[in-house]
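Residue numbers (our numbering): 29 to 106. Positions of the beta carbon are idealized from the N, C-alpha and C atoms, including for glycine.
So, in structure tokens, the structure goes:
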């Protein structure tokens, strides 16, 4: 019985980490959408902002990868 409760808690924790991965997806969409909005308003400035686009996407995606790593650690290491 005690092992079942620990197993249940582990899977609840893994499910909660899905919110972190979903948040990363929302963040990437926001960064890309704002870049596209700005590029459509001022196309001549768009090439200069492309590097900032990729940096923003990388930071947002890093949080999702970190959340995925925590999920894997909860499933297999604990």
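Whether residue 58 touches residue 95 by CB criterion (8 Å): no
Closest by C-alpha distance to residue 98, when choosing among 39, 74, 78, 32: 39
Per-residue DSSP class, three states only, for residue 62: helix
Closest Cα partner of residue 50 within the set 90, 103, 104, 101: 90
CA-to-CA distance, residue 55 to residue 87, given in whole angstroms: 9 Å
Alpha-carbon spacing of residue 77 relative to residue 63, whole angstroms: 8 Å
Beta-carbon proximity check, residue 102 vs residue 48, cutoff 8 Å: no
Distance between residue 75 and residue 69 (C-alpha atoms, nearest Å): 13 Å
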